[in-house]
Structure formats: structure tokens, C-alpha cells
Amino acid sequence: MKAVIPAAGLGTRFLPITKAQPKEMLPVYDKPAIQYVVEEAVASGIEDILIITGRGKRAIEDHFDRAVELELVLNSAGKSDYLKQLEGISNLASIHFIRQKEQRGLGDAVYCARRYVGNEPFAVLLGDTITIAKVPCTKQLINVFERYSSSVIAVEKVGREKISSYGIIKGKKTGEVYKIEDLVEKPRPKEAPSDLGIIGRYILTPEIFECIEKVKPGVGGEIQLTDALRILKEKQEIYAYEFKGKRYDIGNKLDWLKSSIEIALNNEEIGNELRAYLRKILKS
Ligand code: G1P
């Protein structure tokens, strides 16, 4: 299975940090956010990845490329640990890039992948969401997909105040999954059909592309993937799965900070010292 990682958004909510660097390159503890996303795909058994970028996103390509000059310097300085780390990143997977020419929304970004994907089911992992789980989130979805042979999307219960930031599903629980009856992009809380939010991990069948072609601009004047899924659900069952693990929507500042802190707290080298420091500043 191939994976598509849309990473073309402007990162407006993170200005000025994102003025000259892509939001997907923001550090989450010691790695850029998008590296976690690529690692999730790889840990889920995916080796072929297409990242949808846009203007101003070259740093993402550089990050997954070789850094030959740096490697030479590290090599002659005998810093083999760093060298190994760098080589590991550029050998993670077979990564391809394509640019979305205009900011026309997530549905349009995914549409850019149609030729690359061909006629096979594929995974979509949004570049501004990271997940931490024993079994990688995308692997959990692949397992569900293998059982139902139909598109499946990961959801999570979201607080009322967050409902209008997400695609929300209406579904009937059958065993471990929900059979989706409807999906609404960023509804007002009182119009939301449930509190189950789409978290940015999907396994889609290629029929999604013809559905995207039919979508008219929706929320924010954009071509929404959620609206395309709404059309797809008339043709095939779509399932939602409450994934087991933790998710950070690093498109918002608080979650971004939380992700770095939690990952650092679990780090062998600095975790204990950071915990003691946080306790100390919280007391004062
Ligand atoms: C996108 C999707 C939305 C989903 C969200 C998850 O919105 O359109 O359905 O719930 O990602 O992060 P965005 O955050 O790009 O506005």
C-alpha cells in the first residue's frame, strides 16, 4: 500500500514561525513533525510515500534527502552516531513529492495524488497530526481495512469546544467500528451529528478521486475531503474506527507544546529532569 501525506497548508495559525518555514518542519521535541508522520507510515509497513507540498516547502524535501556535505563533516569528525541518524532519515522510505499549485483545500491536495496512487487502496496521513500508539495508527486502520475491504477513517471523541475544528461523523456502532451514515466538515456544535472527530488518518479506495471531482467548494471555500467522502458513502460502506493511542493536532499551538512536553517527559535522557523542573515552576 502507498501513503499520501498532504503537507501543503500555509500554517497561518503559527505565524510568524511559519513565515519562512513549513509548519510540518516545526520541531516536536527533537524531530520535525513530519518525520513522525513518515515514521508512522513506515512502521505500518508502507514503503512508498507521496508528500504533497507547495511553494515554500523545500525544507521538507531537503529533510528527507541526503545531506552530503554534512555527512562528510560528521564522518571526518568521527561522529558516527549523528551520521547514522542522518542516513536513517534519508533511507526511511521511497519518498516522492508533488506540488499543489494553489491552496484549494485538502480534497484538492489528495486529488494531486491520483496518478501516483493508481487503482489501489491507499493511506492518507495528514502532515500536521502526529499519533503515538503501541500499534501505529495507520496499521490499526490497515487491519480494519483488511477485514472490511472498504474505506476506513480514524476518529476520536472531541470536546464540544473543538467540534467546529474537525470533520464529524454520524455512525452506527457495529462491533469495533462505526458504519458511517453521514459526515460533516467543521459543523457548529449544536449541528454536529456526534462528538466523533476525524483525526487525519484514512485508508481510501481509489473511487475517492471521482468523488473529489464532484465536490463543490465547501467550508472556507475549499474542496473538502470530508465532502468527497460524503459522496463516496453513497457508493460503498465507509467505516470509522476509534483508534487506540494518543493524537496531537499540532496545527494548534497548545497541542504542539503538549506533544513536545509529553514526548520529552518519556525521554530517558531528560525526562526526569524535565519532570522535576515542571513541578518546581508549577509550585512557584
Ligand atoms: C482536516 C479535515 C478535517 C479533519 C482534520 C483533522 O481539517 O478537513 O475533516 O477533522 O483535518 O486534523 P484541517 O485541520 O486541515 O482544517
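Each residue of the sequence shown is one higher than the one before, starting from 186 at the first, in this note's numbering.
Even for Gly, the Cβ is constructed at its ideal location relative to N, Cα and C.
These numbers come from a predicted model, not from an experiment.
Looking only at C-alpha atoms, which of R332, Q220, A192 sits nearest to R240? By one-based count along the sequence shown, residue 240 stands at place 55. Minimum Cα distance to R240 is reached at A192.
Length of the line joining the Cα atoms of I338 and D380: To locate residue 338, count along the sequence shown from 1; it is residue 153. To locate residue 380, count along the sequence shown from 1; it is residue 195. When rounded, the distance between both Cα atoms is 15 Å.
Counting C-beta neighbours from all protein chains within 10 Å, is the total for K342 16 or more, i.e. buried, or is it exposed? Translated into the one-based positions of the sequence shown, residue 342 becomes position 157. Exposed.
Please report the residue range of the beta strand (DSSP E) in which L291 lies. Sequence index remark: in the sequence shown, residue 291 carries index 106 (1-based). Where L291 is concerned, there is no enclosing beta strand (DSSP E), although the alpha helix (DSSP H) it sits in stretches over 291-296.
Please confirm if the stretch 223-242 is in contact with the stretch 252-264, defined as three or more CB-CB distances below 8 Å between the two stretches. no
G403: beta carbon under 7 Å from a heavy atom of the ligand G1P? If you number the sequence shown from 1, residue 403 lands on position 218. It does not: the Cβ of G403 is nowhere closer than 7 Å to a heavy atom of the ligand G1P.
Report back the beta-carbon spacing between P378 and I353 to the nearest angstrom; my notes put them in contact at under 8 Å. In the sequence shown, the residue the question calls residue 378 occupies position 193. In the sequence shown, the residue the question calls residue 353 occupies position 168. Contact holds; Cβ gap of about 6 Å.
Identify the residues that DSSP records as bridge partners of T314: which are they? As a working mapping, residue 314 is identified with position 129 in the sequence shown. Answer by DSSP bridge pairing, in chain order: D434.
Relative to the ligand SAH, is the shortest distance from any of its heavy atoms to the C-beta of I384 smaller than 7 Å? Among the ligands in the structure shown, the ligand SAH does not appear; only the ligand G1P can be found there.
Three-way DSSP call (helix, strand, coil) for E331 in this model: On the sequence shown, position 146 is the one that residue 331 refers to. DSSP places E331 in helix when its eight states are reduced to three.
Does the stretch 292-299 come within contact of the stretch 378-398, defined as at least 3 CB pairs closer than 8 Å? yes
Starting from D380, follow the beta strand (DSSP E) in both directions and report where the run begins and ends. Residue mapping note: residue 380 aligns to position 195 of the sequence shown, counting from 1. Neither: D380 is in no beta strand (DSSP E) and is coded neither H nor E.
Strand pairing of V337, partner residues [DSSP]: What you label residue 337 is simply residue 152 of the sequence shown in a count that begins at 1. Looking at the DSSP assignment, V337 forms a beta bridge with I388, Y424.
Please name the residue, chosen from E370, T316, I280, E447, that lies closest to E225 on a Cα-to-Cα basis. Position 40 of the sequence shown, counting from 1, holds the residue named residue 225. Of the candidates E370, T316, I280, E447, the one whose C-alpha sits nearest the C-alpha of E225 is T316.
Start and end residues, alpha helix (DSSP H) containing I353: The residue labelled residue 353 in the question sits at position 168 within the sequence shown. Segment 352-359 is the beta strand (DSSP E) holding I353; no alpha helix (DSSP H) there.
Using the beta-carbon count (16 or more within 10 Å), is K476 buried or exposed? Nothing can be reported for residue 476: it is not among the residues displayed for the chain, which extend from 186 to 469.
Backbone CA spacing between G356 and S279 [nearest angstrom]: Taking the sequence shown and counting its residues from 1, one reaches residue 356 at position 171. Taking the sequence shown and counting its residues from 1, one reaches residue 279 at position 94. Straight-line Cα distance between these residues: approximately 36 Å.
Could you tell me if the beta carbon of Y351 falls within a distance shorter than 7 Å of some heavy atom in the ligand G1P? To locate residue 351, count along the sequence shown from 1; it is residue 166. Answer for Y351: yes, Cβ within range of the ligand G1P.
Need the endpoints of the beta strand (DSSP E) that T238 sits in, please. Start at 1 with the first residue of the sequence shown, and residue 238 comes out as number 53. Unbroken beta strand (DSSP E) run through T238: 233-238.
With a threshold of 7 Å, establish whether the CB of L195 neighbours any heavy atom of the ligand G1P. To locate residue 195, count along the sequence shown from 1; it is residue 10. The answer is no for L195.
At what residues does the alpha helix (DSSP H) containing Y214 begin and finish? Looking up residue 214 in the sequence shown gives position 29. Counting along the chain, Y214 falls outside any alpha helix (DSSP H), and DSSP gives it neither H nor E.
Going by the DSSP bridge assignment, what does D367 pair with across the sheet? Position 182 of the sequence shown, counted from the first residue, corresponds to residue 367. Answer is K355.
Would you check if the distance between the CB atom of V213 and the CB atom of Y221 is smaller than 8 Å? Within the sequence shown, numbered from 1, the residue matching residue 213 stands at position 28. Within the sequence shown, numbered from 1, the residue matching residue 221 stands at position 36. Result yes, Cβ atoms of V213 and Y221 sit closer than 8 Å.
Measure the CB-CB distance between P321 and S349 and report whether it falls below 8 Å. By one-based count along the sequence shown, residue 321 stands at place 136. By one-based count along the sequence shown, residue 349 stands at place 164. Inclusion of P321 and S349 in the CB contact set at 8 Å is not warranted, their separation being larger than that value.
Classify V223: buried if its beta carbon has 16 or more other beta carbons within 10 angstroms, exposed otherwise. Here residue 223 corresponds to residue number 38 of the sequence shown, with the count starting at 1. Answer is buried; the Cβ neighbour count reaches 16.
Let's see if you can read the secondary structure: which residues bound the beta strand (DSSP E) around F282? In the sequence shown, the residue the question calls residue 282 occupies position 97. First-last of the beta strand (DSSP E) with F282: 279-284.
Chain-order list of residues whose beta-carbon lies under 7 Å from that of D250 (same chain, five-residue window excluded): On the sequence shown, position 65 is the one that residue 250 refers to. Taken in chain order, the residues that qualify are S275.
Inter-stretch contact at 8 Å, needing at least 3 Cβ pairs: the stretch 422-431 / the stretch 301-308: no
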